[in-house]
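One structure below.
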Amino acid sequence: KETFEGHQVIRIVPKNEIELALIKSLEDMAEFELDFWRGVTDVFSPVDVRVPVHTLQSLKSHLENLDIKFSTMIENLQALLDEELEEMDAAVHEAELRS
Amino acid sequence: TDSFDYSRYHPLSEIYSFQDMLVAENPNLVSKIVIGQSYQGRPLNVLKFSTGGTNRPAIWIDTGIHSREWVTQASGIWFAKKIVKDYGSDPALTAILNNMDIFLEIATNPDGYHYTHTSNRMWRKTRKPNPGSSCVGVDPNRNWDAGFGGPGASSSPCSETYRGPSAHSESEVKSIVDFVKSHGNFKAFISIHSYSQMLMYPYGYTRTPVKDQAELHQLARRAITDLASPYGTRYRYGSIIYQASGGAIDWTYNQGIKYSYTFELRDTGLYGFILPASQIVPTASETWLGLKVIMNHALRNPY
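Line by line, the protein sequences are chains A and B. First residue of the first sequence: 12, per our numbering; consecutive thereafter. First residue of the second sequence: 2, per our numbering; consecutive thereafter.
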């Protein structure tokens with residue numbers, strides 16, 4: 012089972028057309044192995060990107076060099092997935108008890 | 002299906018069982034059609050809600066074409082139950098079903114959905130291997146014959162938006178294409194995705210406005226207004242909010258299905274595709290209000 016330990020989902024909100032174009036260019040930068048959860052649309056529309064743990068620092072440095080602000084939407088994706096699984100298991104267990 | 006837990010996520014086998022139960026409980030309203038097979042041989046089931054007649058004008062709804070968007074499959078299950086529960090008591094839905102059929106494909110990408118439960122929760126695409134590449138799968142919402150190969154889709158098999166080797170190369174897509182063509186009387190086609198709170202109409206592959214732009218825009222505004230009524234969920238709406246070629250609703254519109262829309266369901270701003278199960282019923286119930294506006298408009302505005 013593939014895990015996502017340390018993967019973060021970061022949110023970038025482009026402030027102007029220049030930032031928009033710079034963020035758009037990330038889509039073609041295969042070295043960061045980004046997974047766009049929410050693609051580039053307009054200025055002020057959030058872009059959400061899953062970043063693998065091994066490219067996290069280099070991506071953040073890249074954005075800082077470009078003076079593009081970002082926030083962390085999901086700190087550790089695997090923790091959220093573990094929670095989801097626990098919740099599902101608990102629901103199944105509860106259903107079994109009920110039946 | 003009364004005791005089915007609508008507020009949790011279910012594996013594929015339970016979705017298949019749910020569909021069979023719903024048909025068994027409502028034989029005069031619901032039937033199951035298998036429109037094809039996925040790459041890995043799973044049935045592509047479509048629930049048909051019909052009160053009779055032959056080849057009535059019809060409405061198509063699909064959920065889960067992107068497998069990791071779990072709230073969409075869960076919403077599809079909720080819609081199915083809602084339809085059988087409300088037929089006969091909700092005047093708008095009753096009028097729709099007395100004149101039109103509704104087709105609902107809940108697990109549009111079953112291989113991908115199964116894979117999200119067993120191997121990779123973040124899987125989006127189909128599961129067909131790509132010759133010459135170690136990367137698997139095609140984005141089934143870039144695989145339609147509408148601006149296929151244009152901007153907003155990737156030619157790289159390793160990309161999450163890989164368009165595939167040719168239009169309709171994916172059986173999950175081709176099966177819908179064949180079904181829609183052979184039916185020939187679809188009047189609305191609504192494809193449901195998550196997450197980013199948008200309601201979009203064609204086109205995604207070109208900036209050329211569709212000829213029905215004004216009507217589709219106004220209808221979208223009405224749909225999102227009703228959708229917002231229970232919880233205040235605010236949607237963006239329009240055409241080409243983001244560029245994407247090879248998309249489903251661009252193809253359906255070009256086939257003459259005027260009321261072609263894509264929903265992107267709610268975004269709580271914290272979870273993305275990992276929307277907590279407690280959000281399923283609120284998401285589905287608000288979306289249902291938007292869907293009803295579009296379905297009702299399709300009923301009242303025959304073409």
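The C-beta atom is built at its ideal place from N, Cα and C for all residues, glycine as well.
Query: Would the segment 193–210 of chain B count as touching the segment 166–177 of chain B if we require 3 or more Cβ pairs under 8 Å?; Result: no
Query: Taking a cut of 8 Å between CB atoms, which residues from the segment 121–146 of chain B lie near chain A?; Result: 121, 122 and 123
Query: Is the CB-CB distance between residue 218 of chain B and residue 239 of chain B below 8 Å?; Result: yes
Query: Could you name the residues of chain A that residue 6 of chain B contacts, counting a contact when the two beta carbons are closer than 7 Å?; Result: 102 and 106
Query: Taking residue 110 of chain A as the reference, which of B:243, B:5, B:245 and B:55 has the closest Cα?; Result: B:5
Query: Select from B:262, B:261, B:263 and B:280 the residue whose C-alpha is nearest the C-alpha of residue 270 of chain B.; Result: B:280
Query: In the segment 153–177 of chain B, which residues sit with their C-beta less than 7 Å from some C-beta in chain A, listed in chain order?; Result: 161
Query: Leaving out five residues on either side along the sequence, give the residues of the same chain with a beta carbon under 7 Å from the beta carbon of residue 85 of chain B.; Result: 23, 27, 30 and 31
Query: Measure how close the beta-carbons of residue 225 of chain B and residue 236 of chain B come, nearest whole angstrom, since I'm counting them as under 8 Å.; Result: 4 Å
Query: Applying a beta-carbon distance threshold of less than 8 Å, which residues of chain B neighbour residue 15 of chain A?; Result: 122 and 123
Query: Cα separation between residue 106 of chain A and residue 99 of chain A?; Result: 11 Å
Query: Could you have a look at residue 35 of chain A and say whether DSSP puts it in helix, strand or coil?; Result: helix
Query: Does any CB atom of chain B fall closer than 8 Å to the CB of residue 85 of chain A?; Result: yes
Query: Closest Cβ-Cβ distance between residue 66 of chain A and chain B: below 8 Å?; Result: no
Query: Can you confirm whether residue 99 of chain A, when its beta carbon is compared against all beta carbons of chain B, has any partner nearer than 8 Å?; Result: yes
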